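For reference, the structure is listed below as structure tokens.
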Ligand code: EPZ
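Residue numbers (this note's numbering): 879 to 1311.
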């Protein structure tokens, strides 16, 4: 298993380029399944989540051709609905998007229950509610999700999501693009990646309106056609580098971002004493003084993103005073705190709330990446800490961050990836977000 070895205490200087958004890419790639033709997708992040999804499509009969490092052509003309590699699906959270895509293309779908990071139960009842409202018969049995359309296919419906759900919003959007009539999704999630999926679908001839608001209308079309699209920059990857500079200190230009998507993160970091300058497609992050305490409540977009909660909490561990972090989306997203405590962090967790007493300096230690963003958090801690931090289980991190070691090294971090022979006792690679 690979691990990172970080010698901390070095300020960060230079430029880092943000890759395409993971949580947009993992919905857009399955959407290509809906076309019996070629789709061209640019700015795909080079991460194992996207590799895995491209492998799943090709195992189902798609022709997948990488035109360059970040551009792929996917031809799903000869995709078979029953070719799905279940053992791969089980490893990917986003395999649930194959339900909506397969229903829209074939009128039936069989996938595994999605995997997912270990931060609490991650139900899919809202996905099922949406597909059922469109007329599909959905059954969850033996770890599989089976969905079938009636003879006449799917029919548009009005769907009110009981919980703001990114996955359910995008999954229903996928299935509704070729349903007969109009579908309205109310209480929809508003994340930037939802707008990205809608834009891609519309490039394929779909008629999706209102993405980015809490009410999305989809007017069904008989068939989708080949589309092409370039994925937006990753809001959370950008936020992670912003948090790294805040923690370690220094001045870094973060390029290829959409500053508007970072508003909440920038506002919170400014509150903590970090300087942020915004330009058309970049932000400059500077921190030389002391970090100030702050309170954080994570909520659906445009609130403070839950996927930035571990990273911002890590920065707060070195801020003067007491900070309170409230996790508003997931039941239990504090597993990483036990790793930070090994480095000297002083945090008390009670349910969805973490009370953080800032300390002047963390100390390097051997830690593990509990999940994708937890892994990012301990890397940030290692960059800021005195001494050496060794991060195990980096396989989680490398599923959501393209070339993290290379990008951090380029801005002055002392971080290397060390490969060690797998321990025969370790089970296969863990499920992911
Ligand atoms: C997506 O997960 C992201 N993953 C997550 O990012 C992110 O944390 C989450 O959205 C929220 O922004 C991907 O896009 C692959 P949800 P998803 O459905 O779709 C409840 C990362 O770090 N819920 O928006 O699974 C759920 O329990 C990952 O990149 C239901 O109750 O999240 C949670 O409390 C981690 N029933 C809330 O809604 C459902 O049917 C939000 O979940 C679905 C969700």
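For glycine and all other residues, C-beta sits at the position ideal for the given N, C-alpha and C.
Quick caveat: nothing in here was measured; it's all calculated off a predicted structure.
Cβ of residue i within 7 Å of any chain D Cβ
i	result
residue 1153	Protein chains in the displayed structure number just one, and chain D is not present.
Coarse secondary structure for residue i, derived from DSSP in three states
i	result
residue 1279	coil
residue 1311	In this prediction, residue 1311 scores a pLDDT of 49, lower than 50, which makes its location untrustworthy; the coordinate-derived value is nonetheless stated afterwards. Coil.
residue 1187	helix
residue 1065	coil
residue 1087	strand
residue 999	coil
residue 1038	strand
residue 1212	coil
residue 885	strand
residue 975	helix
residue 1050	helix
residue 898	strand
residue 945	strand
residue 1099	coil
residue 1118	helix
residue 1306	The pLDDT assigned to residue 1306 is 47, lower than 50, so where the model puts this residue is not dependable; a value taken from the coordinates is nonetheless given after this. DSSP places residue 1306 in coil when its eight states are reduced to three.
residue 955	coil
residue 914	coil
residue 1273	coil
residue 1154	strand
residue 1314	Only positions 879 to 1311 of the chain appear in the structure, and residue 1314 is not among them; the question remains open.
residue 1141	helix
residue 1292	strand
residue 906	helix
residue 1094	strand
Close-in-space but distant-in-sequence residues of the same chain around residue i (CB under 6 Å, 5 per side omitted)
i	result
residue 1233	1202, 1226
residue 1153	1164
residue 943	951
residue 1235	1200, 1224
residue 1296	881, 883
residue 901	1071
residue 1193	1121, 1124, 1125
residue 1034	1057, 1059, 1060, 1061, 1098
Beta-carbon proximity list for residue i, same chain, < 7 Å, skipping 5 on both sides
i	result
residue 1004	1039, 1040, 1041, 1043, 1046
residue 930	966, 969, 970
residue 1305	Residue confidence is low: residue 1305 scores 48 on pLDDT, short of 50, so the model does not pin down where it sits. Its coordinate-derived value is still stated next. Cβ neighbours of residue 1305 beyond the five flanking positions: none.
residue 1053	978, 981, 982, 1009, 1012, 1032
residue 1076	1051, 1086, 1089
residue 1310	A caution first: residue 1310 carries a pLDDT of 48, below 50, which makes its placement in the model too unreliable to give a value.
residue 921	898, 948, 1108, 1109
Residue(s) in a DSSP beta bridge with residue i
i	result
residue 1058	1033
residue 1131	893, 1162
residue 1026	986, 1015
residue 1232	1203, 1227
residue 920	1108
residue 1297	880
residue 1174	1203
residue 967	In DSSP, residue 967 forms no bridge with anything.
residue 1264	1241
residue 1182	1176
residue 1073	Residue 1073 pairs with nothing; no bridge assigned.
residue 1287	Looking at the DSSP assignment, residue 1287 forms no beta bridge with any residue, so it has no partner.
residue 1198	1170
residue 1246	1270
Check: residue i C-beta below 6 Å from any heavy atom of the ligand SAM
i	result
residue 973	Among the ligands modelled here, namely the ligand EPZ, the ligand SAM does not occur.
Same chain, Cβ closer than 8 Å to residue i, five either side skipped, listed in chain order
i	result
residue 1120	1132, 1140, 1143, 1144, 1147, 1152, 1154, 1161, 1163
residue 1136	1070, 1110, 1111, 1113, 1159
Spell out a yes or no on whether the region 1044–1054 and the region 1066–1082 are touching, meaning 3 or more CB-CB pairs, one atom from each, closer than 8 Å.
-> yes
Do the region 907–917 and the region 1261–1274 meet, that is, are 3 or more Cβ pairs less than 8 Å apart?
-> no
Cβ contact check for the region 974–987 and the region 1018–1031: 3 or more pairs under 8 Å = yes
Would you check if there are 3 or more beta carbon pairs closer than 8 Å linking the region 1126–1135 to the region 1082–1100?
-> no
Can at least three beta-carbon pairs, one atom from the region 1111–1124 and one from the region 958–971, be found at a separation below 8 Å?
-> no
Check whether the region 1170–1178 touches the region 1137–1151, taking contact to mean three or more Cβ pairs, one atom from each stretch, closer than 8 Å.
-> yes
The region 936–943 touching the region 1284–1303, judged by at least three CB pairs closer than 8 Å | no
Mind the definition here: the region 1204–1214 touches the region 1249–1263 only if three or more C-beta pairs lie below 8 Å; say whether that holds.
-> yes
May I ask you to verify whether the region 1095–1109 touches the region 1068–1082, counting CB pairs closer than 8 Å and requiring at least 3?
-> yes
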